[in-house]
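Student: Structure incoming, see below.
Number of protein chains: 2
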Amino acid sequence: MESSNAASGGSTRREATRQKLYEAAVTLIAEQGFSATTVDEIAERAGVAKGTVYYNFASKSVLFEELLRHGVGLLTASLREAAEKTARDGGTKVDALDAMVRAGLVFIDRYPSFTQLYVAELWRTNRTWQSTLMVVRQQAVAVVEGVLREGVESGEFSEEIDVPLTAAALVGMVLVAALDWKSFQPERSLDDVHAALSRLLQGRVSGRR
Amino acid sequence: MESSNAASGGSTRREATRQKLYEAAVTLIAEQGFSATTVDEIAERAGVAKGTVYYNFASKSVLFEELLRHGVGLLTASLREAAEKTARDGGTKVDALDAMVRAGLVFIDRYPSFTQLYVAELWRTNRTWQSTLMVVRQQAVAVVEGVLREGVESGEFSEEIDVPLTAAALVGMVLVAALDWKSFQPERSLDDVHAALSRLLQGRVSGRR
DNA sequence: ACTTTTGCACTGACCAGTCAGTTCAAAAGA
DNA sequence: TCTTTTGAACTGACTGGTCAGTGCAAAAGT
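Here you go:
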């Protein structure tokens with residue numbers, strides 16, 4: 023095949039179809055789960071024929087795996103950029119963490135379905151796409167771990183913090199707060215949610231005022 | 023007839039069968055998801071015939087819903103007890119939160135599959151058991167919110183904290199950290215994990231030493 | 001004592017429907 | 001011309017749910 027699909031974008035007809043299929047699949051799978059979502063549904067939602075799905079993807083699972091890679095790629099890039107920008111601007115590591123919290127919220131705000139689907143699948147075992155999921159998870163968490171480690175090295179963070187566990191806890195904090203926000207209080211603003219999480223992140227919960 | 027159905031617990035044959043079905047279903051659904059898990063599998067794992075499943079539960083969904091209620095009931099009781107004990111012992115609200123974090127970890131340590139399954143389903147929409155899930159979620163989160171609110175009233179916590187959102191974030195912190203622990207570093211001790219989360223909870227991340 | 005009845009709990013073969021994946025000739029793009 | 005999409009028919013495996021029947025222990029009958 024090797025279609026003339028150049029570097030970045032993806033402007034071929036095929037790429038557009040794949041994008042439509044991603045979008046259809048992501049919402050359906052987020053709502054119903056992978057197994058409960060049929061290929062017929064995905065095709066219908068995307069406005070293409072079933073045969074097209076199989077022309078573009080080897081199987082339902084492969085479509086899903088590529089969707090995962092695609093989505094987490096976006097998130098990771100966004101987190102990395104937030105951290106780097108803070109560094110360039112001479113911010114502290116706490117500032118970097120805070121910027122990443124915001125980047126995470128922005129991502130979830132834009133792609134709530136993807137987030138939902140990702141969380142639902144992440145801790146499952148014995149699934150064919152398990153390895154894909156692991157790789158992709160590590161990419162995202164590594165960005166947070168990196169900032170924490172740098173903070174420890176520079177003395178900004180205590181040497182006693184447990185980097186991987188703290189990173190997981192921070193990710194969880196943002197993830198669950200954001201999903202709750204989207205699910206149960208969708209009218210609230212991103213800034214509002216961000217402010218609440220910042221407070222928690224900086225330990226400004228205890229103590230009056 | 024009036025079967026000699028004893029008083030409290032569940033010593034009848036039926037209750038024992040239901041328990042076996044819960045246990046079989048919880049691990050299978052945690053691993054594979056609801057739709058990907060067949061009733062035949064559940065029956066086989068529980069060591070009963072398929073018909074028995076339908077003798078005890080109206081449908082696969084009903085089995086799942088009752089399982090959810092059962093599990094979250096255990097969690098809620100445990101959280102409440104942790105908070106109350108701290109209060110009796112004259113601890114602060116931060117102590118109560120910390121005790122609840124531990125209670126959460128103990129629960130997840132004991133029932134990792136249930137936790138997994140719960141997280142995977144919580145933010146889905148358009149599912150038949152959605153309402154059950156909401157009720158059950160509220161029960162658990164309410165305990166955390168209660169402690170936060172009391173802390174605000176007593177002046178221990180800032181009046182500016184966003185109670186529902188902070189509660190969600192705290193739950194997320196524990197949930198994700200614990201699932202990561204169980205999935206990727208199962209050899210670590212509960213105390214170890216608890217210590218790391220305590221540090222984060224009390225804002226002792228920043229600052230050396 | 002011992003026979004019969006009752007009905008709960010359970011069984012497992014069976015059925016009707018569903019779904020992933022295939023095939024392919026023809027149409028639409030580019 | 002060469003690539004991509006269409007759309008409908010088809011297959012074969014699998015699944016939720018059903019149901020007539022079994023086993024058995026306690027209750028009733030004698």
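Taken in sequence, the protein lines are chains A and B.
Counting from 23, one number per residue, gives the positions in the first sequence under the numbering used here.
Counting from 23, one number per residue, gives the positions in the second sequence under the numbering used here.
The beta carbon of each residue, even a glycine, is placed where N, CA and C say it ideally should be.
If we ignore side chains and look at the alpha-carbon of each, how far apart do B:V128 and B:A200 end up?
Tutor: Your numbering for residue 128 of chain B matches position 106 in the second sequence. Your numbering for residue 200 of chain B matches position 178 in the second sequence. Using only the alpha carbons, I get a separation of about 10 Å.
Student: Measure how close the beta-carbons of A:A109 and A:V165 come, nearest whole angstrom, since I'm counting them as under 8 Å.
Tutor: As a first step, residue 109 of chain A must be located in the first sequence, where it is residue number 87. As a first step, residue 165 of chain A must be located in the first sequence, where it is residue number 143. Not a contact, Cβ separation roughly 12 Å.
Student: Alpha carbon to alpha carbon, how far is B:T98 from A:L101? Give it in angstroms, no decimals.
Tutor: Here the question's residue 101 of chain A lines up with position 79 in the first sequence. Here the question's residue 98 of chain B lines up with position 76 in the second sequence. When rounded, the distance between both Cα atoms is 35 Å.
Student: Quick one: which residues of the segment 85-108 of chain B get their C-beta closer than 7 Å to a C-beta of chain A? List them in chain order.
Tutor: Correct list: empty, as no residue qualifies.
Student: Use the C-beta contact count for A:A80: other C-beta atoms within 10 angstroms, 16 or more gives buried, fewer gives exposed.
Tutor: As a working mapping, residue 80 of chain A is identified with position 58 in the first sequence. Result: exposed.
Student: Taking DSSP as the reference, what is the three-state secondary structure of B:F206?
Tutor: Here residue 206 of chain B refers to the residue found at position 184 when the second sequence is read from its first residue. Residue state, collapsed to three classes: helix.
Student: Name the chain B residues that come within less than 9 Å of A:L53, Cβ to Cβ?
Tutor: Translated into the one-based positions of the first sequence, residue 53 of chain A becomes position 31. A quick correction: the sequence has Glu, not Leu, at residue 53 of chain A. Residues of chain B passing the Cβ test: R146, T147, N148, R149.
Student: Report the neighbours of A:M195 on chain B: residues whose CB is nearer than 7 Å to its CB, in chain order.
Tutor: The residue you call residue 195 of chain A lines up with position 173 of the first sequence. A191, G194, M195, listed in chain order.
Student: To the nearest angstrom, how far is it from the Cα of A:I183 to the Cα of B:A218?
Tutor: For the purposes of this step, residue 183 of chain A is identified with residue 161 of the first sequence, where counting begins at 1. For the purposes of this step, residue 218 of chain B is identified with residue 196 of the second sequence, where counting begins at 1. Each residue's alpha carbon lies about 7 Å from the other.
Student: Closest Cβ-Cβ distance between A:S232 and chain B: below 8 Å?
Tutor: Look at the range of chain A in this structure, 23 to 231, and you will see that residue 232 of chain A is not part of it.
Student: Could you tell me whether the segment 153-171 of chain A touches the segment 62-77 of chain A, using the rule of 3 or more Cβ pairs below 8 Å?
Tutor: Judged by Cβ distances under 8 Å, the segment 153-171 of chain A makes no contact with the segment 62-77 of chain A, as fewer than three pairs qualify.
Student: I'd like to know if A:Q152 contacts chain B, where contact means its C-beta is closer than 8 Å to some C-beta of that chain.
Tutor: Locating residue 152 of chain A in the first sequence gives position 130, where the first residue counts as 1. It does not: the Cβ of A:Q152 has no partner Cβ on chain B nearer than 8 Å.
Student: Just verifying my parser: in three-state terms, what is the DSSP assignment at A:A104?
Tutor: To locate residue 104 of chain A, count along the first sequence from 1; it is residue 82. Helix.
Student: I'd like to know whether the C-beta of A:A28 is nearer than 8 Å to at least one C-beta of chain B.
Tutor: By one-based count along the first sequence, residue 28 of chain A stands at place 6. Caution applies to A:A28, whose pLDDT of 34 falls short of 50 and renders its modelled position unreliable; the model cannot decide the point.
Student: To the nearest angstrom, how far is the alpha carbon of A:L187 from that of A:I64?
Tutor: Within the first sequence, numbered from 1, the residue matching residue 187 of chain A stands at position 165. Within the first sequence, numbered from 1, the residue matching residue 64 of chain A stands at position 42. Cα to Cα, the separation comes out at about 37 Å.
Student: Could you run through the segment 39-68 of chain A and flag, in chain order, every residue whose CB is less than 8 Å away from some CB of chain B?
Tutor: Answer set for the segment 39-68 of chain A: A52, E53, Q54, G55, F56, S57, A58.
Student: Does the beta carbon of B:R231 come closer than 8 Å to any beta carbon on chain A?
Tutor: As a working note, residue 231 of chain B is residue 209 in the second sequence. Summary for B:R231: the model assigns pLDDT 39, below 50, so the residue's position carries little reliability, and this model does not support an answer.
Student: Measure from the C-beta of A:S176 to each C-beta in chain B and report whether the shortest distance is under 8 Å.
Tutor: As a working mapping, residue 176 of chain A is identified with position 154 in the first sequence. Chain B contact via Cβ: absent.
Student: Could you name the residues of chain A that B:V215 contacts, counting a contact when the two beta carbons are closer than 9 Å?
Tutor: By 1-based counting over the second sequence, the position of residue 215 of chain B is 193. Within 9 Å Cβ-Cβ: D184, L187.
Student: Going straight from the alpha carbon of B:A28 to that of B:A118, what length do you get?
Tutor: Taking the first residue of the second sequence as 1, we reach residue 28 of chain B at position 6. Taking the first residue of the second sequence as 1, we reach residue 118 of chain B at position 96. With a pLDDT of 34 at B:A28, under the threshold of 50, the predicted position of this residue should be treated as unreliable, and no value is reported.
Student: Quick one: list the residues of chain A neighbouring B:R221, beta-carbon separation under 9 Å, in chain order.
Tutor: Here residue 221 of chain B corresponds to residue number 199 of the second sequence, with the count starting at 1. Simply S180, E182, I183, D184, T188.
Student: Using the Cα positions of B:E175 and B:E181, report the straight-line distance between them to the nearest angstrom.
Tutor: Within the second sequence, residue 175 of chain B is the residue found at index 153, counting from 1. Within the second sequence, residue 181 of chain B is the residue found at index 159, counting from 1. So the two alpha carbons sit approximately 8 Å from each other.
Student: Are the segment 197-211 of chain B and the segment 126-145 of chain B touching by the rule of at least three beta carbon pairs closer than 8 Å?
Tutor: With a cut-off of 8 Å, the segment 126-145 of chain B and the segment 197-211 of chain B count as touching, because enough Cβ pairs lie within range.
Student: How many Å lie between A:G93 and B:D62 at the Cα?
Tutor: Position 71 of the first sequence, counted from the start, is the residue given in the question as residue 93 of chain A. Position 40 of the second sequence, counted from the start, is the residue given in the question as residue 62 of chain B. Straight-line Cα distance between these residues: approximately 35 Å.
Student: Under a three-way DSSP split, which group does B:N148 fall into?
Tutor: In the second sequence, counting from the first residue as 1, residue 148 of chain B sits at position 126. Three-state DSSP puts B:N148 in coil, outside helix and strand.
Student: Is B:A52 closer than 8 Å to B:L139 when the C-beta atoms are compared?
Tutor: Against the second sequence, residue 139 of chain B aligns to sequence position 117. Against the second sequence, residue 52 of chain B aligns to sequence position 30. Yes, these two residues count as a Cβ contact at 8 Å.
Student: Over the uninterrupted alpha helix (DSSP H) stretch that includes B:S220, give me the two end residues.
Tutor: As a working note, residue 220 of chain B is residue 198 in the second sequence. Here the alpha helix (DSSP H) through B:S220 covers 212-223.
Student: Compare the C-alpha of A:I130 against each of A:Q54, A:H216, A:S220 and name the closest.
Tutor: Position 108 of the first sequence, counting from 1, holds the residue named residue 130 of chain A. Answer by Cα proximity: A:H216.
Student: Which of the three DSSP states is assigned to B:T74 in this structure?
Tutor: The residue given as residue 74 of chain B occupies position 52 in the second sequence. Three-state DSSP puts B:T74 in a helix.
Student: Can you pull the chain A residues whose beta carbon is under 7 Å from the beta carbon of B:S205, in chain order?
Tutor: Residue numbering aside, residue 205 of chain B sits at position 183 when the second sequence is read from its first letter. Under the 7 Å cutoff, chain A gives W145.
Student: Is it right to say A:R40 is buried, meaning 16 or more other beta carbons lie within 10 angstroms of its own, or is it exposed?
Tutor: Locating residue 40 of chain A in the first sequence gives position 18, counting from the first residue. Under this definition A:R40 is a buried residue.
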